[in-house]
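Here is the structure we will look at.
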Amino acid sequence: MKKLFSSLLLLSCSILFPILTKALPKDTLPVRGFCIAAPTTGKLAPFLKFIREELAPRQINTLVLRVDFNYQFTSHPELRDADALSQAQVKELVKLCRQHNIRLIPQINLLGHQSWASHTTNFLRVYPDFDETPWVKMPEKYEWPNADGLYCKSYCPLHPGVHKIVFELVDEICDAFESTAFHAGMDEVFYLGEDKCPRCGGKDKAELFAGEVWKIRNHLAGKGRTLWIWGDRLLDGKTTGMGMWEASMNNTHRAIDMVPRDIMVCDWHYERPDKTPVYFASKGLQVITCPWRMPANAALQLKDMYNFRETATPEMKPRYQGMMQTVWSDAGQFLDEFYGQSKFKGDTVNTSANCFRAIFSK
Numbered sequence: 053m054k055k056l057f058s059s060l061l062l063l064s065c066s067i068l069f070p071i072l073t074k075a076l077p078k079d080t081l082p083v084r085g086f087c088i089a090a091p092t093t094g095k096l097a098p099f100l101k102f103i104r105e106e107l108a109p110r111q112i113n114t115l116v117l118r119v120d121f122n123y124q125f126t127s128h129p130e131l132r133d134a135d136a137l138s139q140a141q142v143k144e145l146v147k148l149c150r151q152h153n154i155r156l157i158p159q160i161n162l163l164g165h166q167s168w169a170s171h172t173t174n175f176l177r178v179y180p181d182f183d184e185t186p187w188v189k190m191p192e193k194y195e196w197p198n199a200d201g202l203y204c205k206s207y208c209p210l211h212p213g214v215h216k217i218v219f220e221l222v223d224e225i226c227d228a229f230e231s232t233a234f235h236a237g238m239d240e241v242f243y244l245g246e247d248k249c250p251r252c253g254g255k256d257k258a259e260l261f262a263g264e265v266w267k268i269r270n271h272l273a274g275k276g277r278t279l280w281i282w283g284d285r286l287l288d289g290k291t292t293g294m295g296m297w298e299a300s301m302n303n304t305h306r307a308i309d310m311v312p313r314d315i316m317v318c319d320w321h322y323e324r325p326d327k328t329p330v331y332f333a334s335k336g337l338q339v340i341t342c343p344w345r346m347p348a349n350a351a352l353q354l355k356d357m358y359n360f361r362e363t364a365t366p367e368m369k370p371r372y373q374g375m376m377q378t379v380w381s382d383a384g385q386f387l388d389e390f391y392g393q394s395k396f397k398g399d400t401v402n403t404s405a406n407c408f409r410a411i412f413s414k
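Going by this note's numbering, the first residue of the sequence shown is number 53, and it counts up by one from there.
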C-alpha cells in the first residue's frame, strides 16, 4: 500500500508540473541556481561529472557551494576540516564552471549556525571567546525544544576580534573560487543580543543583525563582490504565521528596512510556496526563491517567479532574479540519491533529486 501511495504521488507530480509550466512566459530567469555542500575530496570526481552532465545541460548558471571549513585555508589552517579540499581541487571546480558559464559562489556560515546538534563547529571550537552564549553548554544528547533555547550557536557580532578572522577567511575563499559574490548564510539566528552578553546585551536585535549585514557587505564591496544571504531573519514570523524557522520570532525582521539594497536575498520556503518574493522586491531588494525537496511546491514557486516578472513594473522586474534549489545533504549523499545508488528510506516522492528534475528539466 505504501509503495502504491508513493507511486501515485510521484505520478501526480509528473502530471502537475507540465500543467503548471506549459504556459510559462518566454522569459529567461537571471538566476537558475543550485546550492549544495561542497564535495569532500573523495566525491570531487563524481561531483565534477554531475556538473558536466546534469547542471550544464539544464542551463544552471549559478552554483552556491557551502564550503564552511572544507578548504585548506592557509590564513587559518587551525580551522580546516580534516579532509578539506585543496586549492588545486577548488581550481578544478572553478575551471569546469567557467567552461560551462556557471557562476561559482562559496558560502561560509556567518553569525549563526556555529554549532549543530551536540557539536560545536570549527569557528567557536577554536575561538570560544567569540561565542555569543558561552554559558550555554553543548549537551551530550541534543533534543529540541530544550531549556536553553539552543538550536545553533552564534558568534558575537560586537566582539572586537571576530571580524579580523572572519574577513581573512572570506577573502581567502573568494580568491580561491575566483568569485564575484559570497554567500554568508545568516539564517536561523536564534541567539543574538542576549541580555547576558557584555557587548550585545540590551541592544536592538534588528539593529545588530542589520549591522552585521552591513559590515560584511561593505567588506565585500571594497573588493568588488556582492553579498548573498538567506532571507528568513527578515520576515516577521508572528504576523505572517510562518513561525520561528522560515521567519523570525526574535524581532530581527525589522532589519529589512535597515539592510543595504544591493544584497541578494535567498528566500527559502520548504513546506508552503509562500509568495514572499513580492515583499522583498517591494522593499527594493533582489530576491530568488529557494525550494528544497517538494516537486509540487517547487513547480508553483517557479510559476510564481515567472508571473512576478511578467506582471511587474519595469522598476520591480529586475528584483525578481529567479530560482535556486537548495540541497541539505552532503554532495555525496545527494549524488547517491540522484543516481539511484542508495535505497532511499521514507518519502520517495518529496526528495531533493525529484525536485531538481522537476524544476530543471534538460
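Just so you know, even glycine gets a beta-carbon here, dropped at the ideal spot from N, CA and C.
Item                                                                                                                              : Value
Within 8 Å, strictly: CB atoms of Val339 and Pro325                                                                               : no
Buried/exposed call for Asp183, threshold 16 Cβ in 10 Å                                                                           : buried
Completely contained beta strand (DSSP E) runs for the stretch 239-310, where each covers 3 or more residues                      : 278-282
Under the three-state DSSP convention, the category Thr400 falls into                                                             : coil
Element boundaries [alpha helix (DSSP H), containing Ile217]                                                                      : 214-229
Helix, strand or coil at Thr114 [DSSP, three-state]                                                                               : strand
Contacts around Lys397, its chain only, beta-carbon distance under 8 Å, and the 5 residues preceding and following it disregarded : none
Straight-line gap, Leu206 to Tyr322 (C-alpha atoms, nearest Å)                                                                    : One detail in the question is off: residue 206 reads as Ser in this sequence, not Leu. For Ser206 and Tyr322, the distance between alpha carbons rounds to 23 Å.
Proximity winner among Lys327, Met316, Ala405, relative to Trp344 (alpha-carbon distances)                                        : Ala405
Chain-order list of residues whose beta-carbon lies under 6 Å from that of Val214 (same chain, five-residue window excluded)      : Phe182, Tyr207
Coarse secondary structure for Arg324, derived from DSSP in three states                                                          : coil
Three-state secondary structure assigned by DSSP to Arg345                                                                        : coil
Pair within 8 Å by beta-carbon distance, Arg177 and Met375                                                                        : no
When Thr291, Ile112, Pro366, Trp196 are compared against Leu472, the one with the closest alpha-carbon                            : No information on residue 472 is available, as it lies outside the stretch 53 to 414 that the chain covers here.
Collapsed DSSP secondary structure at Ile160 in the structure displayed                                                           : strand
Distance CB(Ile154)-CB(Leu100) smaller than 8 Å                                                                                   : no
Beta-carbon proximity of Arg285 to Met238, cut-off 8 Å                                                                            : yes
Length of the line joining the Cα atoms of Met296 and Val116                                                                      : 25 Å
Distance between Phe386 and Asn303 (C-alpha atoms, nearest Å)                                                                     : 35 Å
Cut-off 7 Å between Cβ atoms - residues of its own chain near Phe125, not counting five sequence neighbours on either side        : Leu131, Arg132, Leu221, Glu224
Distance CB(Val260)-CB(Pro209) smaller than 8 Å                                                                                   : Per the sequence presented here, residue 260 reads as Leu, with Val not at that position. The answer is yes: Cβ separation under 8 Å.
Nearest to Phe229 (by Cα), restricted to the options Leu162, Gln141, Ala169                                                       : Gln141
Gly293 and Asp319 closer than 8 Å at C-beta                                                                                       : no
Cut-off 7 Å between Cβ atoms - residues of its own chain near Gly263, not counting five sequence neighbours on either side        : Pro209
8 Å Cβ cutoff met for Gly384 and Lys95                                                                                            : yes
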